[in-house]
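Peer 1: Numbering (the numbering used here), first residue to last: 10 to 296. Yeah, the Cβ is synthetic: ideal placement off N, Cα and C, and Gly gets one too. Once you've had a glance at the structure underneath, I'll fire off some questions.
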């Protein structure tokens with residue numbers, strides 16, 4: 010059973026769930042309802058395989074970093090339970106399977122976009138940026154912004170402006186979400202030599218960056234409404250409310266240096282994205 014649990018752990022299943030939710034959102038918004046089940050199954054299963062495979066390769070390449078961090082020291086590769094080569098091969102096999110499944114069940118564009126997410130995560134974020142710049146999660150976060158575009162492309166066969174706004178929303182959501190986590194585990198990143206923003210520029214500058222990004226998010230979610238007739242005023246009002254609450258949490262962090270303010274912001278950021286895409290899907294389907 011340890012072997013099975015280790016292979017599941019290599020895929021980081023908690024991360025996958027939110028990625029699949031946004032991919033599903035891209036499909037529903039594009040179709041204005043639930044698309045054909047074959048497309049849904051291909052995108053969700055393929056997306057899970059691709060994301061899990063990318064995570065496995067990531068852990069293979071970051072074993073020494075994970076060892077240095079208390080939060081990640083028990084991961085399969087870091088602990089020595091799974092070999093580096095095995096984790097890489099496992100990740101490649103999962104991504105090959107994902108590509109084939111999405112090509113057959115959806116289309117080539119959706120499959121190529123899925124592959125691009127893996128390539129960005131492995132080569133741009135893991136290998137290039139994570140250990141070299143405080144902008145690692147800003148640029149590398151593009152990998153996590155790809156799923157709604159995959160969903161959109163799977164349904165429509167192309168990528169139009171609303172799909173790019175879905176990408177941009179997650180792209181700008183990722184840094185404040187991740188910086189909140191980085192504040193909480195700053196000592197881990199410092200011990201591992203990872204130049205996360207709080208480690209290099211400190212708590213105050215990170216709080217300012219988080220506050221700025223929450224305002225950018227508010228603008229992007231509003232612009233999405235302007236660029237598509239798939240969404241109504243219900244979405245606009247709901248997204249504004251969610252965004253204002255997010256800004257409120259960021260403002261609270263600006264005024265309050267206590268850990269509970271950071272934790273509250275981090276937890277709300279997860280809820281925010283889930284509710285925002287849920288709101289989009291309900292609006293696009295029924296309004």
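Take residue 106 and list the residues in its own chain whose beta-carbon comes closer than 7 Å to its own, dropping the five residues that flank it on each side.
Peer 2: Around residue 106: 58.
Peer 1: Cutting at 8 Å between CB atoms, please list the residues of its own chain near residue 155, excluding the five before and the five after it.
Peer 2: 122, 123, 125, 126, 129 and 176.
Peer 1: Give the range of the alpha helix (DSSP H) segment to which residue 22 is assigned.
Peer 2: Where residue 22 is concerned, the enclosing alpha helix (DSSP H) stretches over 22 to 40.
Peer 1: Rounded to the nearest angstrom, what separates residue 7 and residue 229 at their Cα positions?
Peer 2: Lying before the first or after the last residue shown, residue 7 is absent from the chain, which here runs from 10 to 296.
Peer 1: Whose C-beta lies closer than 7 Å to the C-beta of residue 293 among residues of the same chain, with five residues either side of it excluded?
Peer 2: So the qualifying residues of the chain are 37, 38, 41, 239 and 240.
Peer 1: For residue 289, which residues from the same chain have a beta carbon less than 7 Å from its beta carbon, with the 5 sequence-adjacent residues on both sides left out?
Peer 2: 34, 38, 240 and 244, listed in sequence order.
Peer 1: Contact between the segment 215 to 223 and the segment 261 to 278 is defined here as three or more beta-carbon pairs at a separation below 8 Å; is this criterion met?
Peer 2: Yes, the segment 215 to 223 is in contact with the segment 261 to 278.
Peer 1: Does DSSP classify residue 235 as helix, strand or coil?
Peer 2: Correct three-state label for residue 235: helix.
Peer 1: To the nearest angstrom, how far is the alpha carbon of residue 249 from that of residue 173?
Peer 2: So the alpha carbons of these two residues sit roughly 19 Å apart.
Peer 1: Taking just the CA atoms, how far does residue 149 sit from residue 134?
Peer 2: Between residue 134 and residue 149, the C-alpha separation is close to 4 Å.
Peer 1: On the criterion of 16 or more Cβ atoms from any shown chain inside 10 Å, does residue 208 qualify as buried, or is it exposed?
Peer 2: Per the 10 Å Cβ criterion, buried.
Peer 1: Going by C-alpha to C-alpha distance, which of 77, 108, 61 and 19 sits closest to residue 90?
Peer 2: That would be 19, whose Cα lies nearest to the Cα of residue 90.
Peer 1: What number of angstroms, rounded off, separates the C-alpha of residue 232 from the C-alpha of residue 184?
Peer 2: Answer to the nearest angstrom: the Cα atoms are 20 Å apart.
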